[in-house]
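*Asks:*
Protein chains: 2
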Amino acid sequence: MDKALLAVNESTVAGLGRLARFFGFSEVMGRLYGTLLLSPEPLSLDDLMERLKISKGSVSMNMRALERWGMAKEVWVRGERKKYYEAEPDMWQVIRSVLNGRERREVQTALQVLGDSVTRLQKAEAALNPEEKALAAFYLERMDDLQAFFQVANLALETILGSGESLDFDAVTKIEIG
Amino acid sequence: MDKALLAVNESTVAGLGRLARFFGFSEVMGRLYGTLLLSPEPLSLDDLMERLKISKGSVSMNMRALERWGMAKEVWVRGERKKYYEAEPDMWQVIRSVLNGRERREVQTALQVLGDSVTRLQKAEAALNPEEKALAAFYLERMDDLQAFFQVANLALETILGSGESLDFDAVTKIEIG
DNA sequence: ACCTTCATTCAAAACGTTCTAAACGAAGGG
DNA sequence: CCCTTCGTTTAGAACGTTTTGAATGAAGGT
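Taken in sequence, the protein lines are chains A and B.
Read left to right, the first sequence gives residues 5 to 182 (the numbering used here).
Read left to right, the second sequence gives residues 5 to 182 (the numbering used here).
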């Protein structure tokens, strides 16, 4: 195959591997995704194993993970009985899927814990000596700050998750803060 | 000390440790940050070592990391010759600092690599056979998608980084996408 | 019904990361 | 000028994570 095509393929796969790490996934997941993204045809486990030079077991497990995160899906190829995969090409779809499955939960539980802490402090206040009261007040300030932070995060998440199919460039140039 | 205060402290420290992991930092960094955030007074390395039950070496290294990320700063306590630290309490300041130091670079290089790939493909196109030409065209589509994605990411980053001192809750309720 | 072809699972190994404890270095006080 | 008190650095240990290779399981074709 042409040298330029190979070079582009390699750097893209490497870059997506890097990006995957960055998002807390394994690098292999990113490389698998990249390989699929740059293939006009769906690829089998054996194809992927050969291209990335990794074991079949690893391909199998990482592809299942990619599937769970909505980054790739199985695809039926007529006449073949192997499993074939293709990448979800819509990046925003991928982002939404990941945010929905991870960040969302994370923010919700954080807000829950913070709310509980505030309640706890307020209930305990009466029984505290002056020094402790001062500390409790200080804690409450910090809890408020943290709550404000997570509420913003929550709002941003909801906004992205609630956005329709195409969150393309033109649409997002209209983001306003303040 | 009061039970409620201890419980709140513990769950907050644990939660921030969790959050730190989530953002790709070590859990200890998050716990150190949380401990400082919930202390009205600056704390010394020995204080932190004792409270978190970790070695002094670990405290030292992790505190330097926190400093580099702008999450904590050294503070002089008159009469003492120990080093004292306090947490940066403005969460948005912390976020900006981290985004500026990591995500920014990441997005820039990604855009750089993608641009190079596009150029490379365009230059090579003439020398390709029909089959390769089709693949090159396919690659160019994918590169465009990826570029669009990273350009949005870049814009979002610039918006956050460019926002003034206080990016508080009221201000951000005005985020609009689309 | 058997044989072949795949995919999945799992235990062991390889790997990277992070902690600790000890050695080292710096700095101030007596 | 030594002694004490801190902080940093580093080599080794402990830990968790990921990969592999082999065993297992499932499913189609003959």
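We treat Cβ as the ideally placed atom computed from N, Cα and C, and that holds for glycine.
Here the structure is a predicted model, which is why all the values come from computation and not from measurement.
1) Would you mind reading off the limits of the alpha helix (DSSP H) that contains Glu78/A?
2) Note down, in chain order, each residue of its chain lying with its Cβ closer than 8 Å to the Cβ of Glu135/A, except the 5 sequence neighbours on either side.
3) Quick check on DSSP: helix, strand or coil for Leu42/B?
4) Exposed or buried, Phe173/A, counting other C-beta atoms within 10 Å across all chains shown (16 or more means buried)?
5) Taking only beta-carbon positions, decide if Arg85/B is within less than 7 Å of chain A.
6) Does any residue of chain B have a CB that is nearer than 7 Å to the CB of Ala130/A?
7) Are the Cβ atoms of Gly19/B and Arg35/B separated by less than 7 Å?
8) Can you pull the chain B neighbours of Phe142/A, defined as C-beta to C-beta under 7 Å?
9) Would you please verify whether the beta carbon of Met95/B is less than 7 Å from any beta carbon of chain A?
10) Spell out a yes or no on whether the segment 152–166 of chain A and the segment 95–111 of chain A are touching, meaning 3 or more CB-CB pairs, one atom from each, closer than 8 Å.
11) From the DSSP secondary-structure annotation, give me the bridge partner or partners of Glu90/A.
12) Could you check whether the Cβ of Glu136/A sits closer than 7 Å to any Cβ belonging to chain B?
13) Would you list, in chain order, the members of the segment 53–78 of chain A that have their beta-carbon closer than 9 Å to a beta-carbon of chain B?
14) Got a sec, what are the start and stop residues for the alpha helix (DSSP H) Leu23/A sits in?
15) Apart from the five residues on each side of it in sequence, which residues of its chain come closer than 8 Å, Cβ to Cβ, to Ile181/B?
16) Is there at least one Cβ from chain A nearer than 7 Å to Ala8/B's Cβ?
17) Within 10 Å of its beta-carbon, does Ala114/A have 16 or more other beta-carbons around it, so buried, or fewer, so exposed?
18) According to DSSP, is Leu47/A helix, strand or coil?
19) I need the DSSP call for Arg55/B, collapsed to helix, strand or coil.
*Replies:* To lay it out plainly:
1) Looking at the DSSP string, Glu78/A is not in any alpha helix (DSSP H); the run it does join, the beta strand (DSSP E), is 76–79.
2) So no residue of the chain qualifies.
3) coil
4) Residue confidence for Phe173/A is low, a pLDDT of 40 falling below 50, so the modelled location carries little weight and cannot support an answer.
5) No, its Cβ sits nowhere closer than 7 Å to a Cβ of chain A.
6) no
7) In terms of Cβ geometry, Gly19/B and Arg35/B do not form a close pair [threshold 7 Å].
8) Pro44
9) yes
10) yes
11) Per DSSP, Lys77/A.
12) So, interface residue.
13) none
14) 7–26
15) Per-residue confidence for Ile181/B stands at a pLDDT of 39, beneath the threshold of 50, marking its modelled position as unreliable; no derived number is given.
16) yes
17) buried
18) Strand at Leu47/A.
19) helix
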